[in-house]
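In what follows, a single structure is set out as structure tokens and then discussed.
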Amino acid sequence: MVFARIGHFATRYRIPIIVAWIAAAILVTLIAPNIEDVASSDTADFLPANAPFAHAEAVYQATFPDDFAPGSSVIVVDARATDGVLNLDAPTFAEQIDTEAGRFIVALGDWLNSPEAPAGIQAVMLPTSSPTTAALMIASEKGEDPALANKVALVRVDMNSSPTEDETKEAVNQINAWMEDNRPSSIQAYQTGASPIVNDTTESIKTSVDRTIWVTVVLVVLMLLAVYRSPISPLIPLLAVTLAYLITRGIVATLGEHTMTITSYANILLVVVMYGAGTDYCLFLISRFREEMADLPQVEESTAHTVHRVGETITSSAGTIFVGFMSMMFAEMGIFNTSGPALAIGIVLSLASGLTLVPALLATLGDHAFWPNKATHRANGRLYEITSKWVSLRPLIVILVIVAIMAPFSIYGINQPVSYDILADLPDDKPAVVGFKLMKQSLGAGNVMPLTVVVTGRDPQQIAADIVHLTDELAALPGVRDVRGLDDPLGQQNGSIRDLLQVNGQLALALTMMESGGTMIDPATLGAALNGVQDYLDLLAAEFPEVADDPNLLVIRDLLDHPLQLATRQEDLNTALAGLMARFETVENPYLMPTALAGMLPESDNGFSPAVLEQLNQTYLAEQATAFKLDVVLVDSASSFEGMDTLTDIRHTLKPYQNRGEAVVSGGAAINTDIRDTMSRDLLRAIGFVLIG
0 MVFARIGHFA TRYRIPIIVA WIAAAILVTL IAPNIEDVAS SDTADFLPAN APFAHAEAVY
60 QATFPDDFAP GSSVIVVDAR ATDGVLNLDA PTFAEQIDTE AGRFIVALGD WLNSPEAPAG
120 IQAVMLPTSS PTTAALMIAS EKGEDPALAN KVALVRVDMN SSPTEDETKE AVNQINAWME
180 DNRPSSIQAY QTGASPIVND TTESIKTSVD RTIWVTVVLV VLMLLAVYRS PISPLIPLLA
240 VTLAYLITRG IVATLGEHTM TITSYANILL VVVMYGAGTD YCLFLISRFR EEMADLPQVE
300 ESTAHTVHRV GETITSSAGT IFVGFMSMMF AEMGIFNTSG PALAIGIVLS LASGLTLVPA
360 LLATLGDHAF WPNKATHRAN GRLYEITSKW VSLRPLIVIL VIVAIMAPFS IYGINQPVSY
420 DILADLPDDK PAVVGFKLMK QSLGAGNVMP LTVVVTGRDP QQIAADIVHL TDELAALPGV
480 RDVRGLDDPL GQQNGSIRDL LQVNGQLALA LTMMESGGTM IDPATLGAAL NGVQDYLDLL
540 AAEFPEVADD PNLLVIRDLL DHPLQLATRQ EDLNTALAGL MARFETVENP YLMPTALAGM
600 LPESDNGFSP AVLEQLNQTY LAEQATAFKL DVVLVDSASS FEGMDTLTDI RHTLKPYQNR
660 GEAVVSGGAA INTDIRDTMS RDLLRAIGFV LIG
């Protein structure tokens, strides 16, 4: 009875209904924001608020506010067509970077640090800044492919806006444009990392939406032409579904702007679901309308009777789908709990269009809906008759045959691994993909999005030991490629600056400085540092009383008390330093903050100076030396299962350090691990809803 009334209403007020739907679609499209502008491609936006990654990001930002960057880009410089990034035969670093690739990187850095640079650039790290950064950011023979040594370099750009913000997108595009205009023909440069990957993903999704819409429309038209053999019939579902889609898209975009975060895939999902389900509803209505018109060629009665007969069927179908989509609201993952309601809105409007707009169009067109033919009964197909009889007579055989056909496909689908790799969804020629693959071959995939470990609430007297112990524990994990921090600022892969928090490492640095390449010490050069060395030795004696009377320490003190002897007794000094280093191998907890080194560090050719030491302290220490951070580079990609398993191991390693404060890890692998864990819980929840339903 309800659907009969709806049918009579749609027939009686057909013109106002058609006008109202068209007006609503136009109005909503004009008022609502563009869905692509409010949708997000950043998977981090869809994690639940209590996800470990979200907590880790908050701790990182609160502890190291100047270092925390919401967005970042890694520029991969490909110098394979040149002699290399550095001229390794040059005597000084300034001359080493005077190459085609080096000059390009310097010019890029100058532009990024200039007033003409894009807005939102927070910090730029260049391999041409110093030998220290060069060791970290230029491929070496220790990399994945030794053939790429000195052929690939990276420039890291931190941004103060998230990857999905317009400011970040504009910055990525401006950097691409500058590199295209200014790079030498023999140099290639690609942006990859978090922000460029999100930017390329967004662009690819927009392209996919356009293609999906056109492919869907063409397929619907061809199918309806084949079924009805009329150029008019396909226009009815196309108009009805398109108007419903435009209104739905506007409503969802408005919700995305003010209420919820919607995924960039929402638009594609709306197109596929609405054109699929909406066309299905229209086929029911049009087919029934043709049968009614063949029996009773009175438009009003045929239309009302069509809705009366078919309305319950399509409403039941839509209701089932609606409940399924709305159940997605209970998912933890934002992609599901926001896409579900969005698709449910689309189903409701598709149904509303089918119950009102389609009958109104049919009532308006009447028999012309099937032009150039007339409404007639379709002949029963011989194939359908044979199939129905066979199913009725041999139901068990039919079931076994269907199961036998479908089982291999089901088994294949179940055994397919889930992918969390956004790059796998992008075309191979996208710069973010090309740059990532080149970086993976040269510097390792983990360098694209390294992890950051932040530990707070430590005792300043014990923090040096905590840093060393945690560094060693993390470096021992199978999936960790390198760990960089205040103890090993260049990591374990580069031995030029190691063990800065260990007395042995500090003495080794002093020994290297005083040996001065094996030549006699120049008293004038070391004069300014002698007081600093003396202060450092005093600190050693105070912190480690067991070595205060060590003969080697006494020899060093005596030499420093008589500076004129240094020129003639350098060997004695070196021997005493080496002996003192050996003595500290037997000392328990021989750790000391490197601040005492500043006084004895002169400016040196290797770039390690008091200024560099101060920069390291600011980078890796915070909260008055009660908090520290470490940079962790994985062996595998952040989106790989191996990388996520390593992230889980890192979280287990950090648990003992949470006794007095925070101990968290953030980064790409942390995002993907939380996505994997959240989706696993959502899968169990979905299975439960299906079983209950």
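Counting from 0, one number per residue, gives the positions in the sequence shown under numbering that gives the first Met the number 0.
From the three backbone atoms N, C-alpha and C, an ideal C-beta is built for every residue, glycine too.
| Query | Result |
| --- | --- |
| P449 to A637 span [Cα, whole Å] | 8 Å |
| Distance between T355 and I21 (C-alpha atoms, nearest Å) | 13 Å |
| M328 - containing alpha helix (DSSP H), residue span | From DSSP, M328 is part of no alpha helix (DSSP H); its letter is neither H nor E. |
| Whole-angstrom distance between A474 and R497, CA atom to CA atom | 14 Å |
| Exposed unless 16 or more other CB atoms sit within 10 angstroms - verdict on P15 | exposed |
| For M273 and W213, the rounded distance between their alpha carbons | 14 Å |
| Under 9 Å between C-beta atoms of M136 and R155 | yes |
| Three-state secondary structure assigned by DSSP to S72 | strand |
| Cβ contact (3+ pairs, closer than 8 Å) linking the region 648-661 and the region 465-480 | yes |
| Integer-rounded CB distance, given that V251 should sit under 8 Å from I34 | 6 Å |
| C281 beta carbon less than 9 Å from that of I235 | yes |
| Residues that DSSP places opposite S665 in a beta bridge | T451 |
| Contact between the region 449-459 and the region 619-636 (3+ Cβ pairs under 8 Å) | yes |
| For T460, the nearest candidate out of E542, L242, Y535 (CA to CA) | A small fix is needed here, since residue 460 is Gln in this sequence, not Thr. Ranking E542, L242, Y535 by Cα distance to Q460 puts E542 first. |
| T262 (DSSP reduced to helix, strand or coil) | strand |
| Same chain, Cβ closer than 7 Å to F2, neighbours up to 5 away in sequence not counted | V306, H307, G310, E311 |
| Stretch pair the region 338-347 + the region 359-371: three plus CB contacts closer than 8 Å | no |
| Residue burial classification, I410 (beta-carbon count within 10 angstroms, cutoff 16) | exposed |
| Same chain only: Cβ atoms within 7 Å of S185, ignoring 5 sequence neighbours per side | A80, T81, E99 |
| Inside the region 357-428 only - alpha helix (DSSP H) runs reaching at least 4 residues | 357-364, 381-392, 394-413 |
| Whole-number beta carbon distance between I246 and G255, since they are thought to touch under 8 Å | Actually they do not touch by this definition, with Cβ atoms about 15 Å apart. |
| Short Cβ contact (9 Å threshold) for A78 with V84 | yes |
| Pair within 9 Å by beta-carbon distance, T201 and S40 | yes |
| Chain-order list of residues whose beta-carbon lies under 7 Å from that of I466 (same chain, five-residue window excluded) | G484, L485, D486, L500, F627 |
| Beta-carbon proximity list for R287, same chain, < 7 Å, skipping 5 on both sides | T305, R308, V309 |
| Close Cβ partners of F283 (< 6 Å) along its chain, the five nearest in sequence each way excluded | V309, I313 |
| In chain order, each alpha helix (DSSP H) run of at least 4 residues that lies wholly inside the region 546-604 | 550-560, 569-583 |
| Helix, strand or coil at G516 [DSSP, three-state] | Since pLDDT at G516 reaches only 42, below the 50 mark, its modelled position is unreliable, and the value read off the structure follows with that caveat. Helix. |
| Nearest neighbour of L268, chosen from V226, A293, G339 [CA to CA] | G339 |
| N266 versus T337, I196, L224, S232, residue with shortest Cα-Cα distance | T337 |
| Boundaries of the alpha helix (DSSP H) in which V84 is found, first to last residue | Unbroken run through V84: none, as it is neither H nor E. |
| Distance, A464 Cα to L579 Cα | 20 Å |
| Backbone CA spacing between S418 and M678 [nearest angstrom] | 12 Å |
| CA-to-CA distance, Y535 to I520, given in whole angstroms | Reliability of the predicted coordinates at I520 is poor, the pLDDT of 46 falling under 50, and no value is obtained from them. |
| Bridge-paired residues (DSSP) for D77 | V151, Q187 |
| Minimum C-alpha distance to P195 - residue among G434, D560, A624 | G434 |
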